[in-house]
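First up is the structure itself, then whatever we jot down about it.
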Ligand code: SF4
Ligand code: MG
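Structural data, given as structure tokens:
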């Protein structure tokens, strides 16, 4: 089947007076219908910018240049390049075909509208429902995300809700028009561990019930192990390894991924994966390179224990196959 979303050579460049800074550099991946793809990497690796580029929600107070393609194919087999949609088309598209949820719900909840009003707003825009029908649909959406006392919440304001409930409201807003693709940017990072687990379980259930695809952005490898089928590992604006989740954990092929997984050795790693606990990605010695001073070679070279002389000179090539690939100069071991 044609993937729901085919991202090809996506580049996102911040244009400044001092020069252009490429922050997303040639990202490609496929997201299939009903699949969860995790985008993992340290903060600043370009995960959120990739998502914002796909949603066409890059900050308006800066100048951006986007390149590449993001081919979205709907259930009827129609393909559009999301990056080529007009602003007007994009307003229809967001929420309806692709929706996004964020780490901090308050950034996208409107403090002066009730929960019911803001969920209803989306269905009125996309489905053209009248006020009563939209309110009814909003109530259904709140029930779908298992908010206690849903009817009462409809008339409450965001500040009256707990952090976990706000996140449920944001999910309800994202899901209310039944998007085919949900992009979730660290949706549970700001929540405490118990609530995190509840929200993740909820998202899994919603995905099973609706068959939507999910692009799940996280730096928590435990979450990846539990909730994703595919993983793309990002470093310094590029994807450096892609694989099915089991293959990635069993045989990480890129030195950076190996480093990430080695941060918690042996039994601790197993246990952490089982419990979905957070893993620190920052424990690899050294720092990610400054994005405005990238050289021609592998951007991981300064931190890589396997570095070869050519690594600092030439960009690594992709090795492996569609199932499991990495960008690295080291010879592939079988
Ligand atoms: Fe390390 Fe070279 Fe591979 Fe980069 S290309 S990850 S420096 S071995
Ligand atoms: Mg981020």
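Numbering (full-length UniProt numbering), first residue to last: 9 to 342. The beta-carbon is built from N, C-alpha and C at its ideal position, and this holds for glycine as well.
Quiz item: Which ranges would you report for the beta strand (DSSP E) in the stretch 207-277 if only whole runs of at least 3 residues count?
Solution: If we require 3 residues or more, the beta strand (DSSP E) runs fully inside the stretch 207-277 come out as 221-226, 238-243 and 246-252.
Quiz item: How is the alpha helix (DSSP H) around residue 36 delimited, first residue to last?
Solution: Here residue 36 belongs to no alpha helix (DSSP H); instead the beta strand (DSSP E) covers 27-39.
Exercise. Report buried or exposed for residue 282, applying the criterion of at least 16 other Cβ atoms within 10 angstroms of its Cβ.
Key: Caution is warranted here: a pLDDT of 49 is assigned to residue 282, below 50, making its placement in the model unreliable, and the coordinate value is therefore given only provisionally. That one is exposed.
Exercise. Output the residue ranges of the alpha helix (DSSP H) runs that lie fully inside the stretch 38-99 and measure 4 residues or longer, sorted by chain position.
Key: Entirely contained in the stretch 38-99, the alpha helix (DSSP H) runs reaching 4 residues are, in chain order, 55-63.
Practice problem: Keeping to the same chain, check which residues put their C-beta closer than 8 Å to that of residue 290; ignore five residues upstream and five downstream. | Solution: Any reading at residue 290 must be qualified, since the residue scores a pLDDT of 49, below 50, and its modelled position is unreliable; no value is offered.
Quiz item: Got a sec: does the ligand MG put a non-hydrogen atom nearer than 6 Å to the Cβ of residue 221?
Solution: It does not: the Cβ of residue 221 is nowhere closer than 6 Å to a heavy atom of the ligand MG.
Quiz item: Which of helix, strand or coil does DSSP assign to residue 19?
Solution: In the structure shown, residue 19 falls within a strand segment according to DSSP collapsed to helix, strand and coil.
Quiz item: With a Cβ-Cβ cutoff of 7 Å, do residue 43 and residue 237 count as a contact?
Solution: Result yes, Cβ atoms of residue 43 and residue 237 sit closer than 7 Å.
Self-check item: Residue environment, residue 254, which counts as buried when at least 16 other CB atoms sit within 10 Å
Solution: It is exposed - the Cβ of residue 254 has fewer than 16 other Cβ atoms within 10 Å.
Quiz item: CB of residue 8 to nearest heavy atom of the ligand SF4: below 6 Å?
Solution: The chain is shown only over 9 to 342; residue 8 falls outside these bounds and no answer can be derived.
Quiz item: Anyone know if the C-beta pair for residue 246 and residue 68 falls short of 7 Å?
Solution: For the 7 Å CB-CB criterion, residue 246 and residue 68 do not form a contact.
Quiz item: Can you pull the DSSP bridge partners for residue 326?
Solution: By DSSP's assignment, residue 326 forms a beta bridge with 335.
Quiz prompt | Integer-rounded CB distance, given that residue 114 should sit under 8 Å from residue 191 | solution = Rounded, the Cβ-Cβ distance is 18 Å, inconsistent with contact.
Exercise. For residue 47, count neighbouring Cβ atoms within 10 angstroms of its own Cβ and tell me buried if that reaches 16, exposed if not.
Key: Buried, since its Cβ has 16 or more Cβ neighbours within 10 Å.
Quiz item: Cβ atoms of residue 20 and residue 61: under 7 Å apart, would you say?
Solution: Yes. Within cutoff.
Exercise. Under the assumption that residue 188 contacts residue 92 (Cβ atoms under 8 Å), give the Cβ distance between them as a whole number of angstroms.
Key: Contact doesn't hold; Cβ gap of about 18 Å is too wide.
Quiz prompt | Sequence ranges, alpha helix (DSSP H) only - wholly within the stretch 146-198, length at least 4 | solution = Taking 4 residues as the shortest admissible run, the stretch 146-198 contains the following complete alpha helix (DSSP H) segments, listed from N- to C-terminal end: 158-161 and 171-183.
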